[in-house]
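As they're listed, the protein sequences go chains A and B.
Just so you know, the first sequence maps onto residues 1 to 241 in the working numbering.
Just so you know, the second sequence maps onto residues 1001 to 1341 in the working numbering.
Before any comments, here is the structure.
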Amino acid sequence: MNMRARRVRAIVRKELREYRRNRSLVVAMAIFPLIFVIQPLIVVLGLTASASGALAHEHVLLYMLGIPTFVPPFVAAYAVVGERQQGTLEPVLTTPITREEFLLGKALAALVPSVGIAYAVYAVFLACVALFARPGVAPALIQAPDLLAQLLFTPLLAGWSIWIGLGMSARSSDVRVAQQLGVLASLPPVFVAALIALNAIHATLGLGLGLGAALLLGDGLGWRIMAATFDRERLVTATRS
Amino acid sequence: MTGSDPTAVLGPDGAAAPSGRAPSAGTADQPALIVEHLTKRFGERIAVDDVSFEVGHGEVFGFLGPNGAGKTTTVRTLGTLLAPTSGSAMVAGLPLRAENGVEIRRRIAIMPESPGLYLRLSVLENLACFADLYEVPDPTARIERALGAVKLADRAHDACGSLSKGLRQRVALARALLSDPEVLFLDEPTSGLDPAAARDVHELIDGLRQRGVTIFLTTHRLEEAERLCDRVAIMNTTLRAIGRPDELREQLFARTLTVSTRLPLPEPGRVFGGLPAVDGWRQDGPAQYVLTVSDPTVAAPAVTRALVADGADVLSIGESRHSLEDVYLKLVDADKEAGRR
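Shown next, in the form of structure tokens:
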């Protein structure tokens, strides 16, 4: 496969410009992160110093991995069906761009804001905890392994959700349906992260590496599967031959 | 179109593309498009049925037909968006096969009926995106020339969403010119344009023809096809007719002379009977006669002499002209009639 970076960049640049100017998309992308930062902040800032001991045995920060899971479907779901609805898909597909390039461009364009928002929300949350939480709460909550897991798993989870969102987008005829199905299909990794956060699954280095490898593999397979099943004909005519 | 050369996007020599693309496998002697027994089905429905034709290099080829005739399906199939159910084609020198899709799309450009622009982006941003997708060299200069060609240089920074339908159509045309294509598919390029803008597009197409670009023009405007196209094909799922507009007229309509006299002729059969190149006649009004002729240049002087000899006051003698619209309507009406039976 002869990938051309310039064509991938063209899609990424175009998508990012469109996101910035699509107010409803910006609002949709902001809602989940706000929920994920405000609710835990209220809880954590209300904790007493004596409650901090219990926090040390949990991985509460991992709860925020919901952000890179829930934000991407909103963007990715728009990627194919949105173009179909506004009639821009056909002109793009008549250019020399390949399916792999088109999908990679769409995925990277969704990854950039999703990961950026997630990291920004983590930073705001940690800063607020460090500055305003009662003594003892911040050191109990902010654990180096959790922070590392947060940083590494964020792009992996976002990638997973993006391929699911793109898959839904390529098969739906409505952006909202694709978004809702994308969010639903992205739930299993969040469920696993929640079980780890609440210590229902004991977090170990081996588990982390295993999950990371599985997600990495899933991301790579997601691209390949999407490219193999990306049907220009159905997308252009909305019929199967 | 006025001002500088509107087709300058093609480069000063109009032939070799400065885009760095692979040279075409086709030559000027080879047709730009060869379509053989092309059929496309969508489930049980046949959209295009056993269509064969060729389009020469530098030819402006009109593709006419009623709604649902398979025109857009043919364009999409030749543009590698749809896979043919059966049949074969050569597009810009390459066999129409999945593995040639990228190279075929590099050599052609398609302007769909709907402009399909990113409305939140500016004209410039839209064109820059497609310049990158086609990997054109020196995209800034190419975009400038394409915008100049469609007279939109002053609107380059406007959001496409703020443009009228006609202006959007022009942006789509500029986008199709960016890649300096060997074969340009234009699907209803003047749809929604005012007469002046449509005239500009016609001049642009004329300029492209002079530069050797092959143009496959789908249109409902029959006068547009008659004015611009070297040959036309009339489609109605199958190919109903193909040829130069005057050839089609001759194939479908007998050549006729229309004669008007001041008073009805007492014995028209005696006047018109036996004249050279006159095959028959009928009365078409109190003092008007339509003569079926094999050669108007022979028949007209003989008819004039016969009328004068008979003492008739001749008001006019002229060859009846059938337009491409007449040809089109005759074929489409025949299909409708056949469908009713």
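The beta carbon of each residue, even a glycine, is placed where N, CA and C say it ideally should be.
Being a predicted model, the structure only gives us computed values, none of them experimental.
Endpoints, beta strand (DSSP E) assigned at residue i
| i | result |
| --- | --- |
| residue 1060 of chain B | 1060-1064 |
| residue 78 of chain A | No beta strand (DSSP E) contains residue 78 of chain A, which is instead part of the alpha helix (DSSP H) from 66-85. |
| residue 1103 of chain B | Counting along the chain, residue 1103 of chain B falls outside any beta strand (DSSP E), though it belongs to the alpha helix (DSSP H) covering 1101-1107. |
| residue 1186 of chain B | 1183-1187 |
| residue 1271 of chain B | Where residue 1271 of chain B is concerned, there is no enclosing beta strand (DSSP E), although the alpha helix (DSSP H) it sits in stretches over 1268-1272. |
Burial state of residue i (16 or more Cβ within 10 Å)
| i | result |
| --- | --- |
| residue 150 of chain A | buried |
| residue 127 of chain A | exposed |
| residue 202 of chain A | exposed |
| residue 1157 of chain B | exposed |
| residue 48 of chain A | exposed |
| residue 1037 of chain B | exposed |
| residue 1045 of chain B | exposed |
| residue 209 of chain A | exposed |
| residue 1266 of chain B | exposed |
| residue 1190 of chain B | buried |
| residue 1334 of chain B | exposed |
| residue 1180 of chain B | buried |
| residue 1200 of chain B | buried |
| residue 26 of chain A | exposed |
| residue 131 of chain A | exposed |
Under the three-state DSSP convention, the category residue i falls into
| i | result |
| --- | --- |
| residue 98 of chain A | coil |
| residue 1126 of chain B | helix |
| residue 1319 of chain B | strand |
| residue 1283 of chain B | strand |
| residue 1077 of chain B | helix |
| residue 230 of chain A | coil |
| residue 201 of chain A | coil |
| residue 1021 of chain B | Interpretation of residue 1021 of chain B is limited by its pLDDT of 39, a score under 50 that renders its predicted location unreliable; the figure taken from the coordinates is listed afterwards. Three-state result, residue 1021 of chain B: coil. |
| residue 1219 of chain B | coil |
| residue 1291 of chain B | strand |
| residue 31 of chain A | helix |
| residue 58 of chain A | coil |
| residue 1243 of chain B | strand |
| residue 1237 of chain B | coil |
| residue 1053 of chain B | strand |
| residue 1121 of chain B | coil |
| residue 1131 of chain B | helix |
| residue 154 of chain A | helix |
| residue 1312 of chain B | coil |
| residue 1159 of chain B | strand |
| residue 1226 of chain B | helix |
Element boundaries [alpha helix (DSSP H), containing residue i]
| i | result |
| --- | --- |
| residue 305 of chain A | This structure gives no information on residue 305 of chain A, because the portion of chain A shown stretches from 1 to 241. |
| residue 1151 of chain B | Run containing residue 1151 of chain B: none; DSSP gives neither H nor E here. |
| residue 92 of chain A | 89-93 |
| residue 1086 of chain B | Here residue 1086 of chain B belongs to no alpha helix (DSSP H); instead the beta strand (DSSP E) covers 1086-1091. |
| residue 175 of chain A | 175-185 |
| residue 1201 of chain B | 1195-1210 |
| residue 142 of chain A | Where residue 142 of chain A is concerned, there is no enclosing alpha helix (DSSP H), given that its DSSP letter is neither H nor E. |
| residue 1173 of chain B | 1165-1177 |
Nearest candidate by alpha-carbon position, reference residue i, set the options
| i | options | result |
| --- | --- | --- |
| residue 237 of chain A | A/218, A/41, A/171 and A/225 | A/171 |
| residue 1090 of chain B | B/1199, B/1251, B/1117 and B/1183 | B/1183 |
| residue 1310 of chain B | B/1201, B/1141, B/1054 and B/1264 | B/1264 |
| residue 100 of chain A | A/225, A/235, A/234 and A/233 | A/225 |
Contact set between residue i and chain B, taken where Cβ atoms lie within less than 7 Å
| i | result |
| --- | --- |
| residue 81 of chain A | Under the 7 Å cutoff, chain B gives no residues; its nearest Cβ is about 15 Å from residue 81 of chain A. |
| residue 87 of chain A | 1114 and 1116 |
| residue 95 of chain A | 1105, 1130, 1133 and 1134 |
| residue 10 of chain A | 1129, 1132 and 1133 |
| residue 234 of chain A | Chain B residues near residue 234 of chain A: none, gap ~10 Å exceeds 7 Å. |
Beta-carbon neighbours of residue i, restricted to chain B and to distances below 9 Å
| i | result |
| --- | --- |
| residue 92 of chain A | 1116, 1129, 1130 and 1133 |
Listed by chain order, chain A residues near residue i by CB distance under 9 Å
| i | result |
| --- | --- |
| residue 1147 of chain B | Those do not exist, as residue 1147 of chain B stays about 17 Å from chain A at its closest Cβ, beyond 9 Å. |
Neighbour list for residue i in chain A, Cβ cutoff strictly below 8 Å
| i | result |
| --- | --- |
| residue 1097 of chain B | None at all; the shortest Cβ gap to chain A is about 14 Å. |
| residue 1125 of chain B | 14 and 17 |
Residue i beta carbon near the ligand ZN (any heavy atom closer than 7 Å)
| i | result |
| --- | --- |
| residue 87 of chain A | The ligand ZN is not part of this structure, which contains no ligands at all. |
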